[in-house]
Amino acid sequence: MPGIFSLMLHSHIPYCRKSGVWPAGEEWLFEAMNETYIPLLKTLRSLYYDGIRPRTMIGMVPILMEQLADEYMLDRFCEYMEDKIRRARDDLDRFGFDPARQKVARYWLKRFENNYSAFVSDFHRDILGTLKWLQDEYVIEVVTSAATHGFLPLLEQDSAVFAQIRIGIDTYRRYFGRSPRGFWLPECAYRPEQFSDRDKRMRKGIDEWLSGEGIEYFFIESAGISQATFVKNLYQEARPTLFRGYKLPSGVCVFGRNEATGKQVWSPDTGYPGDPYYLEFHQKDPESGLHYTRVTGHDTKQVYDPEKASQRVKEHARHFAGLLVDIIDHAGTGVSEPVIVAPYDCELFGHWWHEGVEWLEYVYRRLAAEDTLALRSLSEYLDQHRDDLSTITMEPSTWGLNSDYTVWLNPEHGWIWPYINSCSVKMEEVLSRGSPSDERGERIMRQLARELLLMQGSDWPFLLFTTQAKEYANKRFHNHHQRFQKLIWAAVDLGDHERLSEKELERMEDVDCPWQDIDYNLFSRRKQQIKDKSSGSAEDISND
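For the numbering used here, add 1 to where a residue sits in the sequence shown, where the first one is 1.
Quick look at the structure:
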């Protein structure tokens with residue numbers, strides 16, 4: 002049975018400009034660039050020149066786009082790479098007595114030099130431009146997301162949901178010269194149409210907002226599909242399957258994550274990254290900070306051997322290709338062209354799993370020669386099957402713990418959401434008073450919009466939950482909230498310049514400066530749909 006493999010690599014790094022360096026801050030971005038984005042672009046370009054178009058979907062969160070286009074961050078990355086090269090050279094001398102480690106130091110030196118050269122000479126410091134070229138050459142499809150990776154279901158003001166989505170789409174258009182077809186819901190967090198007891202009104206489902214902006218499809222956790230209800234069942238299926246796409250009543254299409262492919266790569270127990278010969282992510286040299294050991298076992302760590310690791314990469318790529326064929330063979334006779342949708346965090350490949358990008362290349366090359374499986378983007382799937390899709394409705398879900406909102410909303414850090422949502426209300430109130438009369442007022446309003454967006458990022462509650470960088474997340478959230486409060490105080494009376502000094506405004510603009518021309522009016526109060534809960538009748542009214 003012929004089938005389709007659709008790989009999605011979701012790329013996201015929270016905004017970290019001038020907000021710490023290491024262990025939390027700017028080096029998050031630099032590590033991702035050096036270990037994931039640049040190697041991946043090199044691989045995709047190599048495949049293209051060999052006549053292979055993987056049609057992989059690469060998700061780019063707009064706040065990441067803004068950082069990758071920021072000259073300050075690009076200059077800092079060059080400094081970072083020059084430091085990495087220096088450290089590798091120093092280790093070559095330091096490990097003169099240890100041939101095994103010296104071999105690894107030489108490996109790092111060559112890798113750092115090649116990545117840095119590719120970034121400067123091949124990509125001209127323009128990762129987004131290179132992605133655009135790959136998309137224009139039909140090698141990949143770039144997918145957008147919410148502006149700052151906001152957790153959309155917990156944003157209580159429709160203006161906040163709308164602004165996150167619209168700015169995400171507008172940013173994509175600016176960098177890629179076209180409108181996006183696909184959208185990555187941050188954390189795969191979905192909420193259907195829902196009656197708000199607080200406001201006594203019906204709130205649009207997340208998919209309805211996407212539909213209104215011309216988005217054609219998005220991704221969902223497998224539970225979102227398996228627990229869905231049919232509205233129009235074209236194939237008389239007992240329940241929805243992960244091997245098809247589905248329409249929602251809004252007209253947007255949705256695709257569920259395949260569980261088997263997810264476990265094979267993500268699982269800490271049985272996934273590929275845990276192989277004993279792969280690089281140990283968690284152990285660094287105490288002097289240089291470079292990695293020199295392999296996973297080995299729980300108690301002992303032996304020196305890494307890049308050549309042996311590469312052998313395992315080929316074996317795992319062969320195994321994965323076989324797994325895909327086996328999954329298709331068992332998809333069921335009722336699905337004429339089953340699709341395997343495999344979304345992953347892009348940074349898994351190369352950063353968390355050092356050999357991951359090399360593994361992807363071998364998977365691409367094997368599948369390009371495979372007769373029973375085609376590499377396709379979901380846009381291509383829809384171009385062929387849009388009229389063949391059943392219609393479903395879905396319940397709330399995420400790709401986090403328990404497939405629900407637990408990670409982002411729990412007793413430990415649930416306090417974060419009243420702060421976020423009350424700030425959205427304050428923004429609406431200020432905007433209802435009219436536009437500023439001078440440039441200083443415009444600057445204050447633009448900075449308000451930036452701080453509100455940065456406050457809404459799902460990263461802060463996620464890091465508070467996992468405790469990976471708890472203090473950093475707590476500090477970053479409160480910094481954005483405090484800046485917003487100072488700005489909103491100034492915005493209430495723009496004529497009173499003593500409310501916010503020019504020096505303080507300039508400092509905020511220097512630290513938090515994505516979206517130079519941001520349209521703050523996008524945060525204005527949206528029309529609300531009032532619905533009689535008993536009769537089901539609805540009416541649009543304006544809250545202006």
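Beta carbons are placed, not taken as given, at the ideal position from N, Cα and C, and that holds for glycine. Because the structure is a prediction, the values reported are computed rather than measured.
Excluding sequence positions up to five before and after LYS233, its CB lies within less than 7 angstroms of the CB of SER391, THR392, all in the same chain and listed in chain order. The criterion of a C-beta distance shorter than 7 angstroms is not satisfied by LYS248 and GLU281.
If you compare the alpha carbons of ARG182, SER311, LEU8, LEU501 with that of MET446, the shortest gap goes to LEU501. Per DSSP, the beta-bridge partners of LEU280 are ARG295. Using a Cβ distance threshold of 7 angstroms, VAL255 and PHE219 count as a contacting pair.
Residues PHE31 of the same chain have their beta carbon placed closer than 6 angstroms to that of TYR81, with the five preceding and five following residues left out of the count. LEU402 counts as exposed, since fewer than 16 other C-beta atoms from the protein chains shown sit within 10 angstroms of its C-beta. One thing to note: HIS482 has its Cβ no nearer than 7 angstroms to the Cβ of TYR382. Assignment of PRO462 by DSSP, reduced to helix, strand and coil, places it in the helix class.
Around the beta carbon of VAL493, fewer than 16 other beta carbons lie within 10 angstroms, which makes this residue exposed. ARG434 carries a coil assignment under DSSP once its states are collapsed to helix, strand and coil.
In the DSSP assignment, PRO344 falls outside any alpha helix (DSSP H) and within the unbroken beta strand (DSSP E) covering 340 to 346.
DSSP places MET58 inside the beta strand (DSSP E), whose first and last residues are 57 to 61. ARG366 has its alpha-carbon roughly 29 angstroms from the corresponding atom of ALA106.
Judged by DSSP secondary structure, ILE170 falls within the alpha helix (DSSP H) whose first and last residues are 159 to 177.
LEU523 sits close to ALA164, with the two beta carbons spaced by under 7 angstroms. In the same chain as CYS17, and ignoring 5 residues on each side of it, the C-beta atoms closer than 7 angstroms to its own belong to GLY26, GLU27, TRP29, LEU30, in chain order. PRO15 and GLN237 have their alpha carbons spaced roughly 44 angstroms apart. Linking HIS150 to GLU142 through their CA atoms gives a straight-line distance of about 19 angstroms. DSSP lists MET58 as the beta-bridge partner residues of GLU142. Between the stretch 303 to 320 and the stretch 332 to 352, the count of C-beta pairs closer than 8 angstroms stays below three; the two stretches do not touch. Comparing alpha carbon positions, the residue from TYR50, TRP416, SER160, PRO277 closest to GLN312 is PRO277. Under the DSSP assignment, PHE113 falls in the alpha helix (DSSP H) whose first and last residues are 100 to 118. Cβ contact annotation for ARG451 (same chain, cutoff 8 angstroms, sequence separation greater than five): ASP513, CYS514, PRO515, TRP516, ILE519, in chain order.
For ARG477, the CB contacts under 7 angstroms within the same chain, skipping 5 residues up- and downstream, are SER20, TRP461 in chain order. Taking one beta carbon from each stretch, the stretch 62 to 82 and the stretch 167 to 180 have 3 or more pairs nearer than 8 angstroms; the two touch. Inter-residue distance for GLN457 and GLY333 is about 42 angstroms (C-alpha atoms, whole angstroms). Between the C-alpha atoms of ALA148 and MET66 there is a straight-line separation of about 10 angstroms. Per the C-alpha coordinates, the member of GLN284, MET509, ILE328, MET395 positioned closest to VAL253 is MET395. By the CB criterion at 7 angstroms, VAL358 and THR131 fall outside the cutoff. Following the DSSP letters along the chain, one finds ILE226 in no beta strand (DSSP E) but inside the alpha helix (DSSP H) bounded by residues 223 to 227.
Annotation: the continuous beta strand (DSSP E) that includes TRP185 extends over 183 to 185. Selection ASP76, ARG258, THR294 evaluated against ASP306 yields THR294 as nearest (Cα-Cα). The residue from ASP511, SER251, PHE244, VAL296 with its alpha-carbon nearest to that of GLY257 is PHE244. Taking the C-beta atoms as reference points, GLU356 is found no nearer than 7 angstroms to VAL408.
Distance check between ASP439 and each of MET428, HIS479, THR399, ASP497 places ASP497 closest, using alpha-carbon atoms only.
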